[in-house]
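Here the protein sequences come in this chain order: A and B.
Position 45 of the first sequence, counted from 1, bears residue number 35 in this note's numbering, the numbering being contiguous throughout.
Position 83 of the second sequence, counted from 1, bears residue number 92 in this note's numbering, the numbering being contiguous throughout.
Below: one structure, written as structure tokens.
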Amino acid sequence: MAIDERLAAERAGKQRQASFELALEATAGDGGARGAGAALQRASLWRDALQRFRANRAAVIAAIAFLVLLAFVIFVPWLSHEDPYAVDFSQAYQNPSWAHPFGTDEFGRDLFVRVALGGRVSIAIGFAATFAIMGVGITYGSISGFIGGKLDNGMMRFLDALYGLPYLPFAILTLAIFGTVNFWTMVVALTIASWFTTARVMRGQIITLKENDYVRAAHAVGARWYRVLFRHLLPNTLGVIIIFVFLELPGVVLGEAFLSFIGLGINPPKASWGTLAQDGYGAYQTHPYLIVIPSLMIAWLILSAFFVADGLRDALDPRAREF
Amino acid sequence: MALLEVDDLRTYFPTREGEVHAVDGVSFKLEERKTLGIVGESGCGKSVTALSIMGLIQTPGRVVSGSVHFDGKELTNLKRREIEDIRGLEIGMIFQDPMTSLNPTLTIGTQITETLRRHLDLSRKEARKRAVDLLEEVHIPNASRRLDDYPHRYSGGMRQRVMIAMAISCNPKLLIADEPTTALDVTVQAGVLDLLEELRQEHAMAMIIITHNMGVVAETADDIAVMYAGQIVEQATALDLFDRPEHPYTEALLGALPKLDEPDARNARLASIPGRPPDLLSPPEACRFAPRCKYAGTDDCATVPPELREIRSGHWVRSAHPASERAREPVAVS
């Protein structure tokens, strides 16, 4: 009897503690701004954003998936003993096994290492093109939005005209003009084909921010234009820029994959996910893994980047969450 | 020669419907160390007047004509770089809403020192020291520690004090305060006004206070200009204006103040001015107050525009029916 009572009391106590901890967590979550302020934290804006991001389960999982993918493409070629370029016809078309987790291709090359290497190329092109897009888009958009007036009008109409051109033929045309496909021409082609949206969004941001009282106040103390632009406007667009990096990245990777798939990819024996999928296409009826695995990698990257972008948007602009 | 002479200033904003005559022929003078109060209701052109003086009118709006003569310079003819050198150095300005007038991503210290270093040849260290002095001057406790805080850790009243510190940081000769207390709690309004007056005396500044609150100008201003629909309708010394208002609009404004000291104040209705301010796209041709004026209609005042005239020494009024010339009370009270 006494033992039962003690057990019951203990259970009740545990429950109470659990609910107490839950309550603590809840207050820490919703009172982010106040809590951060009280703790004399400096960059509370970013701290709050991080807290909100952490609370978003899908975004956290996506971020982890993204990092795992990065780790895969970075470390596998280092750690593997397989030579990704060694041709060995005796090993051709091996199904996935312990020796070759992703199987081998028609030349007997280990697909596990080749997918990792291809991922390096795809992701490197993705990041390089994304940063180029950011550079061009931010510059164009800020000039247009900051100066405004007739120049803004002209620059935006030019952008509208470019929007009218279809995206991929535009990139194909650029590659055709270059005559060769390598890392840098691919980056340039993808940048030329897809910087418009960033430019437009940046222009919108700058125009909105320009109306802020503190911008007027800066003018009222005699700030020069470059100070207003680089001190008061651009830093405040950082959140949007970060979001856009993760929104543009999947699009660019997909564009690269598409171009590679239709034969405008990096030259063999190097490969990207797109060219790997293209290689696998020839034998997809007998060895479907050759096309499925690179495609899944592309999907993995795109999905994780999108979810990270989504989480970042919620975290950096909590007011937008209601939509 | 007065410190600031504004003559027939006109600032128009083109819109799809036509040109908005936000400021339509404003003239006034401001002597050194004096305070001018500009009062009027929302949209009468008070703020646009101030922004025009500062050269801060945003396109497509523009100063169409008139002159702003400040300390030997004609501000309306200056190049952008030249007027930027004057802003903050010789003319300081405070805005209405302190909550949004500071950049949330920069510390208070950064924002003050950048203003200082923009105009004065100071090292980082000197500027920081001067910033601490300034914060102390506007009575912010623990100034040196609070310098590294971001604006969100300051209250509204304190932010307005920071704005004031920035505005006076380079010892301007003129300080323009555009509704400096409107966005603040009533309890801190008086403190900010006292601070402005204290600083004006210490720094020997002239000041323009723009407000819709008669109480604010009553305490601080030497002269008061009443604006209506883009024009000054009455200008006089503060005492004379409150004691003997001439323009029907000024009378109505003063009449609209709640009178708490009268016996039946609790049950009395608050007086208001019937009608609404005119559309500045197509203002009344003659007297702009005529449609709301209870003295209008008995003569040609609705067809002949009244001039701003000096009804007695130092007291200017733009009306065909100033109080001291009225023979009788109006026939019909609206």
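We put the CB at the ideal spot given by N, CA and C, even for glycine.
Consider the Cβ of Ala207 (chain A): report whether some Cβ of chain B lies at a distance smaller than 8 Å. Here the question's residue 207 (chain A) lines up with position 217 in the first sequence. Yes, Ala207 (chain A) counts as interfacial toward chain B.
In terms of alpha-carbon separation, which member of B:Val32, B:Leu131, B:Gln210, B:Gly46 lies closest to Asp72 (chain B)? Here residue 72 (chain B) refers to the residue found at position 63 of the second sequence. Looking at the sequence itself, residue 72 (chain B) is Val, so the reference to Asp does not match. For Val72 (chain B), the nearest C-alpha among the options comes from B:Val32.
Run through the stretch 73 to 119 of chain B for me and flag every whole beta strand (DSSP E) of 3 or more residues, listed as ranges in chain order. 100 to 103
Along the chain, which unbroken stretches of the alpha helix (DSSP H) at least 4 residues long are found entirely within the stretch 221 to 281 of chain A? 228 to 249, 263 to 271
Can at least three beta-carbon pairs, one atom from the stretch 192 to 202 of chain A and one from the stretch 223 to 234 of chain A, be found at a separation below 8 Å? yes
Answer with buried or exposed for Leu185 (chain A), where buried requires no fewer than 16 other C-beta atoms within 10 angstroms of its C-beta. If you number the first sequence from 1, residue 185 (chain A) lands on position 195. Rather than Leu, the amino acid found at residue 185 (chain A) in this sequence is Trp. With 16 or more other Cβ atoms within 10 Å, it is buried.
Does the stretch 212 to 226 of chain B touch the stretch 286 to 293 of chain B, meaning 3 or more C-beta pairs lie closer than 8 Å? no
Answer yes or no: do Met172 (chain B) and Ile121 (chain B) have a C-beta to C-beta separation smaller than 8 Å? For the purposes of this step, residue 172 (chain B) is taken as the residue at position 163 of the second sequence. For the purposes of this step, residue 121 (chain B) is taken as the residue at position 112 of the second sequence. Not in contact: Met172 (chain B) and Ile121 (chain B) (Cβ atoms no closer than 8 Å).
Within the continuous alpha helix (DSSP H) that includes Tyr21 (chain B), where are the two ends? Counting from 1 along the second sequence, the entry for residue 21 (chain B) is found at position 12. Taken as a continuous stretch (DSSP letters only), Tyr21 (chain B) belongs to no alpha helix (DSSP H), being part of the beta strand (DSSP E) at 13 to 23.
Would the beta-carbon of Val177 (chain A) fall within 8 Å of that of Ala119 (chain A)? Here residue 177 (chain A) refers to the residue found at position 187 of the first sequence. Here residue 119 (chain A) refers to the residue found at position 129 of the first sequence. The answer is yes: Cβ separation under 8 Å.
Going along the chain, which residues of its own chain have a beta-carbon closer than 6 Å to the beta-carbon of Arg32 (chain A), five neighbours each way excluded? Numbered from its first residue, the first sequence carries residue 32 (chain A) at position 42. Residue placement at Arg32 (chain A) is flagged as unreliable, the pLDDT there being 48, under the threshold of 50; the coordinate-derived value follows with that caveat. So the list is empty, once near-sequence residues are dropped.
Under 7 Å by beta carbon: chain B residues contacting Asn202 (chain A): Translated into positions along the first sequence, residue 202 (chain A) becomes position 212. Under the 7 Å cutoff, chain B gives Thr109.
Helix, strand or coil for Val313 (chain B) per DSSP? Position 304 of the second sequence, counting from 1, holds the residue named residue 313 (chain B). Val313 (chain B) falls in the coil class under three-state DSSP.
By alpha-carbon positions, which one of A:Phe56, A:Arg104, A:Asn143 ends up nearest to Ser70 (chain A)? Looking up residue 70 (chain A) in the first sequence gives position 80. Ranked by how close their Cα comes to the Cα of Ser70 (chain A), the residues A:Phe56, A:Arg104, A:Asn143 have A:Arg104 in first place.
Take Ile282 (chain B) as the anchor and find which of B:Glu145, B:Thr196, B:Ala299 has the nearest alpha-carbon. By 1-based counting over the second sequence, the position of residue 282 (chain B) is 273. Nearest option by C-alpha distance: B:Ala299.
Meets three-Cβ-pair contact criterion under 8 Å: the stretch 81 to 94 of chain B and the stretch 256 to 276 of chain B: no
Mind listing the chain C neighbours of Arg214 (chain A)? Cutoff is C-beta to C-beta under 9 Å, in chain order. Of the chains in the structure shown, none is chain C; the protein chains are A and B.
Which value, in whole angstroms, describes the spacing of the CA atoms of His161 (chain B) and Pro189 (chain B)? The residue you call residue 161 (chain B) lines up with position 152 of the second sequence. The residue you call residue 189 (chain B) lines up with position 180 of the second sequence. So the two alpha carbons sit approximately 19 Å from each other.
Ends of the beta strand (DSSP E) at Lys38 (chain B)? Here residue 38 (chain B) refers to the residue found at position 29 of the second sequence. Note, Lys38 (chain B): beta strand (DSSP E), 28 to 39.
DSSP beta-bridge partners for Ala186 (chain B)? By 1-based counting over the second sequence, the position of residue 186 (chain B) is 177. BP columns for Ala186 (chain B) point to B:Ile103, B:Ile218.
Does Asp142 (chain B) come out as helix, strand or coil in the three-state DSSP assignment? Along the second sequence, read from residue 1 onward, the residue named residue 142 (chain B) stands at position 133. Three-state DSSP puts Asp142 (chain B) in a helix.
Check whether the Cβ of Val211 (chain A) lies closer than 8 Å to any Cβ atom in chain B. Start at 1 with the first residue of the first sequence, and residue 211 (chain A) comes out as number 221. Interface residue, yes.
Taking Asn86 (chain B) as the reference, which of B:Ser76, B:Glu334, B:Leu144 has the closest Cα? Your numbering for residue 86 (chain B) matches position 77 in the second sequence. Closest option to Asn86 (chain B), Cα to Cα, is B:Ser76.
What is the C-beta distance between Val48 (chain B) and His221 (chain B), in whole angstroms, given that I count them as a contact (C-beta under 8 Å)? Within the second sequence, residue 48 (chain B) is the residue found at index 39, counting from 1. Within the second sequence, residue 221 (chain B) is the residue found at index 212, counting from 1. Confirmed, about 6 Å.
Is there a Cβ from chain A that is less than 8 Å from the Cβ of Arg25 (chain B)? Along the second sequence, read from residue 1 onward, the residue named residue 25 (chain B) stands at position 16. It does not; no Cβ of chain A falls within 8 Å.
Just the Cα atoms here: how many angstroms apart are Phe92 (chain A) and Gly98 (chain A)? Here residue 92 (chain A) refers to the residue found at position 102 when the first sequence is read from its first residue. Here residue 98 (chain A) refers to the residue found at position 108 when the first sequence is read from its first residue. Taken atom to atom, the span from the alpha-carbon of Phe92 (chain A) to that of Gly98 (chain A) is near 12 Å.
Applying the 10 Å Cβ sphere with the 16-neighbour rule, what's the burial state of Arg303 (chain A)? Working through the first sequence from its first residue, we reach residue 303 (chain A) at position 313. Classification of Arg303 (chain A): buried, given that the 10 Å Cβ count is 16 or more.
Tell me whether the stretch 125 to 144 of chain B and the stretch 190 to 210 of chain B touch, counting them as touching only if at least three CB pairs, one residue from each stretch, are closer than 8 Å. no
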